[in-house]
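Novice: Before I ask anything, here is the structure I am working with.
Here it is in structure tokens:
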């Protein structure tokens with residue numbers, strides 16, 4: 001039975017980390033909110049799960065994944081669950097917790113990226129918190145982005161199996177997520193990320209290797225890969241960018 | 001062999017969610033950063049792991065747990081790993097992913113609590129972002145805290161096994177974390193949380209049940225339970241509180 005992925009239509013967002021894994025593995029999945037109401041899909045089908053006043057263990061927010069009777073929320077949790085089934089997790093069980101720890105650190109970075117344009121309230125418009133967004137973005141680009149990327153570069157360099165992968169010696173969903181992080185940061189902050197390869201050569205090499213994988217390349221060229229836009233996590237507001245590193 | 005928990009000394013912080021599980025289970029553990037340098041413990045021992053330029057898979061930030069050769073970072077990941085070993089996870093494997101999803105939603109709430117006092121830059125003093133902190137706190141208390149607590153209350157009410165536990169019919173680490181969330185929010189925002197029991201009766205009942213457990217009560221009365229203070233996640237700045245709900 002096909003996996004059912006529930007995430008907002010119209011943006012990549014956090015759902016994209018799950019899509020990349022499903023696409024790389026060529027797994028059968030339905031992107032529920034992007035479907036048609038006549039097929040019992042669409043945004044209404046997603047909201048029914050979110051707003052249910054009777055279901056056991058309703059999700060707090062998208063993305064969530066339905067696999068048979070099981071409803072699994074939270075991006076990193078979905079990937080932890082799917083990883084072994086899609087052959088995108090380390091074989092070693094201990095390393096699976098290492099991979100999950102790395103994915104959760106990626107999730108922390110994603111949250112901080114979101115807060116660069118929404119530092120005060122996720123329910124308010126960007127325009128209503130632009131001044132604060134400039135201050136938070138300046139700090140993000142000066143301190144936080146280098147801290148996260150420097151860390152991921154170090155994980156690659158110190159990987160006992162070599163710098164081709166984040167965890168172990170095979171491709172995992174963490175590698176796919178690193179690709180997405182680089183794509184997103186380059187979209188949101190083209191000036192600040194202009195010289196990324198000089199500072200983080202192994203991260204950029206991993207990004208390039210993922211982009212060249214046939215299933216990922218086919219996905220990126222498909223209409224299923226929505227372009228980045230200013231409703232997602234990674235948004236390009238030129239006034240928040242700076243010519244940094 | 002005793003577990004080694006690595007977390008900053010002097011505050012509860014994110015490490016406290018792990019401590020509560022270890023204490024409830026009466027597991028043997030060493031709180032490394034609180035130990036003595038002469039025992040090869042202390043903050044230096046923790047920084048050596050964080051700053052290592054040779055270890056495989058160094059952690060990004062505390063807390064992290066060492067179990068033999070395995071170093072596990074990220075609070076929810078540590079609890080996912082420890083849960084079954086401490087008999088604090090659901091027996092059903094599917095429910096373990098449900099529990100992890102709930103714990104990750106608690107982690108999201110914790111991050112938002114942190115950002116009430118540090119909305120612009122975690123590296124700057126609170127005093128340097130007090131105006132923005134007031135705006136973010138107002139939004140947190142008006143919108144985000146009710147959204148999270150309303151959700152957790154709903155999970156309890158809709159639990160097919162009854163509202164005594166967050167996942168399944170036995171105590172899990174998620175229940176312990178709900179206790180900590182209530183304690184922290186009450187410390188940080190005593191006015192805004194004054195009538196918590198009226199709005200979220202099952203959450204408060206769960207908090208009370210956890211507090212009454214013998215191992216937890218003994219821990220709370222021990223010197224190992226540090227008081228909340230203004231270096232932790234939950235900080236009491238009266239100007240950020242309001243008489244809400």
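Residue numbers (the UniProt record's numbering), protein chains in the order written: chain A, 1 to 245; chain B, 1 to 245. Backbone N, C-alpha and C define an ideal beta-carbon position, used for all residues, glycine too.
1) Could you compute how far the alpha carbon of residue 11/B sits from the alpha carbon of residue 234/B?
2) Quick check on residue 137/B: buried or exposed, where buried means 16 or more other Cβ atoms within 10 Å of its Cβ?
3) Express the C-alpha separation of residue 84/A and residue 74/B in angstroms, rounding to a whole number.
4) Does residue 90/B come out as helix, strand or coil in the three-state DSSP assignment?
5) Look up residue 201/B in the DSSP assignment and give the residues it is bridged to.
6) Below 9 Å between beta carbons: does that hold for residue 164/B and residue 17/B?
7) Quick check on the burial criterion: 16 or more other C-beta atoms within 10 angstroms. Buried or exposed for residue 76/B?
8) Listed from N- to C-terminal order along the chain, which residues in the stretch 147 to 173 of chain B have their beta-carbon within a distance smaller than 8 Å of any beta-carbon of chain A?
9) Exposed or buried, residue 59/B, counting other C-beta atoms within 10 Å across all chains shown (16 or more means buried)?
10) For residue 115/A, does the count of other Cβ atoms within 10 angstroms reach 16, so buried, or fall short, so exposed?
11) Identify the residues that DSSP records as bridge partners of residue 4/B: which are they?
12) I need the straight-line Cα distance from residue 22/B to residue 217/A, nearest angstrom please.
13) Below 6 Å CB to CB, which residues in the same chain sit around residue 80/A once its five sequence neighbours on both sides are set aside?
14) Does any residue of chain A bring its CB to less than 9 Å from the CB of residue 186/B?
15) Taking all protein chains shown into account, do 16 or more other C-beta atoms lie within 10 angstroms of the C-beta of residue 4/B, making it buried, or fewer, making it exposed?
16) On a Cα-Cα basis, can you pick out the residue from 29/A, 172/A, 168/A, 53/A that is closest to residue 158/B?
17) Per DSSP, what kind of secondary structure is residue 178/B in: helix, strand or coil?
18) Using only alpha-carbon positions, find the residue among 118/A, 144/A, 141/A that is nearest to residue 132/B.
19) Could you confirm whether any beta carbon from chain B is found closer than 9 Å to the beta carbon of residue 52/A?
20) Would you list, in chain order, the members of the stretch 86 to 101 of chain B that have their beta-carbon closer than 7 Å to a beta-carbon of chain A?
21) Between which two residues does the alpha helix (DSSP H) containing residue 131/B stretch?
22) With a cut-off of 9 Å, does the C-beta of residue 62/A fall near any C-beta of chain B?
23) In the DSSP assignment, find the alpha helix (DSSP H) that holds residue 23/A and state where it starts and stops.
24) Is there a Cβ of chain B sitting closer than 9 Å to that of residue 123/A, yes or no?
25) By the DSSP assignment, the alpha helix (DSSP H) with residue 76/B in it spans what residues?
26) Which residue's Cα is closest to the Cα of residue 160/A: 56/B, 184/B, 94/B, 51/B?
27) Assign residue 124/B to one of two classes, buried (16 or more other C-beta atoms within 10 Å of its C-beta) or exposed (fewer than that).
28) If you follow the alpha helix (DSSP H) that residue 215/A is in, where does it begin and where does it stop?
29) Is there at least one Cβ from chain B nearer than 9 Å to residue 233/A's Cβ?
30) Roughly how many angstroms separate the alpha carbons of residue 82/B and residue 130/A, rounded to a whole number?
31) Among the residues of its own chain, which have a CB less than 6 Å from the CB of residue 244/A, if the five just before and after it don't count?
32) Given 8 Å as the limit, is there contact between the stretch 201 to 220 of chain A and the stretch 35 to 43 of chain B, that is, 3 or more CB pairs closer than that?
33) Determine the burial state of residue 29/A: buried for a count of at least 16 other Cβ atoms within 10 Å of its Cβ, exposed for fewer.
34) So, residue 96/B versus residue 170/B, is the Cβ gap smaller than 9 Å?
35) So for residue 106/A, helix, strand or coil by DSSP?
36) Could you check what DSSP says for residue 72/B in three-state terms: helix, strand or coil?
Specialist: Put simply:
1) The count along the second chain starts at 1 and reaches residue 11/B at position 11. The count along the second chain starts at 1 and reaches residue 234/B at position 234. Those two C-alpha atoms are separated by around 10 Å.
2) Sequence index remark: in the second chain, residue 137/B carries index 137 (1-based). Result: buried.
3) Reading the second chain from its first residue, position 74 is the one you call residue 74/B. Reading the first chain from its first residue, position 84 is the one you call residue 84/A. Computed Cα separation, rounded: 20 Å.
4) Counting from 1 along the second chain, the entry for residue 90/B is found at position 90. DSSP places residue 90/B in coil when its eight states are reduced to three.
5) The residue you call residue 201/B lines up with position 201 of the second chain. DSSP lists no partner for residue 201/B.
6) By 1-based counting over the second chain, the position of residue 164/B is 164. By 1-based counting over the second chain, the position of residue 17/B is 17. No, the pair does not count as a contact, with Cβ atoms beyond the cut-off.
7) The residue labelled residue 76/B in the question sits at position 76 within the second chain. Using a 10 angstroms sphere on the CB of residue 76/B, the tally of other CB atoms reaches 16 or more, which defines it as buried.
8) 148, 151, 154, 155, 158, 159, 160, 167
9) The residue you call residue 59/B lines up with position 59 of the second chain. Flag for residue 59/B reads buried.
10) Numbered from 1 along the first chain, position 115 holds the residue referred to as residue 115/A. Counting Cβ neighbours within 10 Å, residue 115/A comes out buried, since at least 16 surround it.
11) Taking the first residue of the second chain as position 1, residue 4/B is located at position 4. In DSSP, residue 4/B forms a bridge with 30/B, 66/B.
12) One-based indexing of the second chain puts residue 22/B at position 22. One-based indexing of the first chain puts residue 217/A at position 217. Looking at the two C-alpha atoms, the distance is approximately 46 Å.
13) The count along the first chain starts at 1 and reaches residue 80/A at position 80. Answer for residue 80/A: 100, listed in chain order.
14) Reading the second chain from its first residue, position 186 is the one you call residue 186/B. No - not a single Cβ of chain A is within 9 Å of the one on residue 186/B.
15) Taking the first residue of the second chain as position 1, residue 4/B is located at position 4. Residue 4/B is buried by the Cβ-count criterion.
16) Stepping through the second chain from its first residue, residue 158/B is reached at position 158. Answer by Cα proximity: 53/A.
17) Within the second chain, the letter at position 178 stands for residue 178/B. Correct three-state label for residue 178/B: helix.
18) In the second chain, the residue the question calls residue 132/B occupies position 132. Of the candidates 118/A, 144/A, 141/A, the one whose C-alpha sits nearest the C-alpha of residue 132/B is 118/A.
19) In the first chain, counting from the first residue as 1, residue 52/A sits at position 52. For residue 52/A, the answer is yes, since a Cβ of chain B falls inside 9 Å of its Cβ.
20) 94, 97, 98, 100, 101
21) In the second chain, counting from the first residue as 1, residue 131/B sits at position 131. Taken as a continuous stretch (DSSP letters only), the alpha helix (DSSP H) holding residue 131/B covers 130 to 139.
22) Here residue 62/A is taken as the residue at index 62 of the first chain, counted from 1. Put simply, the CB of residue 62/A is far from chain B, with every gap to its CB atoms at 9 Å or more.
23) Taking the first residue of the first chain as position 1, residue 23/A is located at position 23. Where residue 23/A is concerned, the enclosing alpha helix (DSSP H) stretches over 15 to 24.
24) Locating residue 123/A in the first chain gives position 123, where the first residue counts as 1. Yes, because at least one Cβ of chain B sits closer than 9 Å to the Cβ of residue 123/A.
25) Locating residue 76/B in the second chain gives position 76, counting from the first residue. Note, residue 76/B: alpha helix (DSSP H), 75 to 85.
26) What you label residue 160/A is simply residue 160 of the first chain in a count that begins at 1. The shortest C-alpha separation from residue 160/A is found at 56/B.
27) The count along the second chain starts at 1 and reaches residue 124/B at position 124. By the neighbour-count rule (16 or more Cβ atoms within 10 Å), residue 124/B is not buried but exposed.
28) As a position in the first chain, residue 215/A is number 215, starting the count at 1. Note, residue 215/A: alpha helix (DSSP H), 214 to 220.
29) Numbered from its first residue, the first chain carries residue 233/A at position 233. No - not a single Cβ of chain B is within 9 Å of the one on residue 233/A.
30) Here residue 82/B refers to the residue found at position 82 when the second chain is read from its first residue. Here residue 130/A refers to the residue found at position 130 when the first chain is read from its first residue. About 42 Å.
31) Taking the first residue of the first chain as 1, we reach residue 244/A at position 244. Caution applies to residue 244/A, whose pLDDT of 48 falls short of 50 and renders its modelled position unreliable; the value that the coordinates give is listed next. The answer, listed in chain order, is 141, 192.
32) no
33) As a position in the first chain, residue 29/A is number 29, starting the count at 1. Residue 29/A should be labelled buried.
34) Start at 1 with the first residue of the second chain, and residue 96/B comes out as number 96. Start at 1 with the first residue of the second chain, and residue 170/B comes out as number 170. Result no, Cβ atoms of residue 96/B and residue 170/B do not sit closer than 9 Å.
35) As a first step, residue 106/A is located in the first chain; it is residue number 106 there, counting from the start. DSSP places residue 106/A in helix when its eight states are reduced to three.
36) Along the second chain, read from residue 1 onward, the residue named residue 72/B stands at position 72. It is a strand residue.
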